[in-house]
Amino acid sequence: MTTERYLLDTCALIYIAHDVPIAERAMAILRTTPAAGEYVVVSAFSAWEIGMLAAKGRLNITKPPLVWFREAAGKMSARVLDVTPDILVAASFLPEPLHGDPADRILVATAREHDLTIITRDRAILAYGAAGHVKALAC
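Numbering follows UniProt numbering, in which position 134 of the sequence shown is assigned residue number 134; successive positions increment by one, without gaps.
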């Protein structure tokens, strides 16, 4: 039996933490994943994105960004996955076309490196998944 594993992109993490409705299929997976022996991860790089969004006033949170990130990951029992040199270099050499947003490239490279399905609303990542370059699930 293959265990499915999921990577939340930063926006998915934010939506779920703020109780913004997400696609029913993605929510069903997140509700049943721990019981099924599967797991959800978030990239440590998402902590950087949370910090940047908060610093720019684009994410309204009442706690320090690191505290918020840890609590949001904990809400889903998500493991925090380190960003490795392998992932960072792979992000530079992804099959094209994929937009140039470094954060998205790092998350896609993380999903590819660890054979994860990325849960996202990002249209470019979903199209990249539809092209067969990464496993992606709309949220």
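Ideal Cβ placement from N, Cα and C applies to all residues, glycine included.
query = For leucine 8, does the three-state DSSP call read helix, strand or coil?
reply = As a working mapping, residue 8 is identified with position 8 in the sequence shown. Note: leucine 8 maps to strand in three-state DSSP.
inquiry  = Taking its Cβ as the centre, do 16 or more other Cβ atoms sit within 10 Å of alanine 12, making it buried, or is it exposed?
reply    = Numbered from 1 along the sequence shown, position 12 holds the residue referred to as residue 12. Counting Cβ neighbours within 10 Å, alanine 12 comes out buried, since at least 16 surround it.
request  = Could you check the C-alpha separation between alanine 44 and valine 83 for me, to the nearest Å?
outcome  = By one-based count along the sequence shown, residue 44 stands at place 44. By one-based count along the sequence shown, residue 83 stands at place 83. Distance between the alpha carbons of alanine 44 and valine 83 is about 6 Å.
ask   = Would the beta-carbon of alanine 109 fall within 8 Å of that of alanine 131?
value = Your numbering for residue 109 matches position 109 in the sequence shown. Your numbering for residue 131 matches position 131 in the sequence shown. No, these two residues do not count as a Cβ contact at 8 Å.
request  = Give a yes or no on contact between the segment 132-139 and the segment 16-35, applying the rule of three or more CB pairs nearer than 8 Å.
outcome  = yes
query = In this structure, what does DSSP give as the bridge partners for tyrosine 39?
reply = Here residue 39 refers to the residue found at position 39 of the sequence shown. In DSSP, tyrosine 39 forms a bridge with Arg5.
request  = Taking arginine 105 and leucine 116 to be in contact with their CB atoms under 8 Å, please state how far apart those CB atoms are, rounded to whole angstroms.
outcome  = Residue mapping note: residue 105 aligns to position 105 of the sequence shown, counting from 1. Residue mapping note: residue 116 aligns to position 116 of the sequence shown, counting from 1. Their Cβ separation, rounded to whole angstroms, is 15 Å, which puts arginine 105 and leucine 116 out of contact at 8 Å.
query = In whole angstroms, what is the alpha-carbon distance linking leucine 7 and glycine 57?
reply = Locating residue 7 in the sequence shown gives position 7, where the first residue counts as 1. Locating residue 57 in the sequence shown gives position 57, where the first residue counts as 1. Roughly 25 Å separates the two Cα atoms.
query = Helix, strand or coil: how does DSSP classify aspartate 122 here?
reply = Walking along the sequence shown from the start, residue 122 turns up at place 122. Of the three classes helix, strand and coil, the one that applies to aspartate 122 here is coil, per DSSP.
inquiry  = Could you compute how far the alpha carbon of tryptophan 68 sits from the alpha carbon of isoleucine 61?
reply    = As a first step, residue 68 is located in the sequence shown; it is residue number 68 there, counting from the start. As a first step, residue 61 is located in the sequence shown; it is residue number 61 there, counting from the start. Spanning the two alpha carbons is a distance of roughly 8 Å.
query = Would you call threonine 120 buried or exposed, if buried means 16 or more other Cβ atoms sit within 10 Å of its Cβ?
reply = On the sequence shown, residue 120 is found 120 positions in, with the first residue counted as 1. So threonine 120 ends up on the buried side.
request  = Consult DSSP for valine 108 and reduce its assignment to one of helix, strand or coil.
outcome  = Start at 1 with the first residue of the sequence shown, and residue 108 comes out as number 108. Helix.
query = Who pairs with leucine 137 in a beta bridge, going by DSSP?
reply = The sequence position of residue 137 within the sequence shown is 137, counting from 1. Answer by DSSP bridge pairing, in chain order: Ile119.
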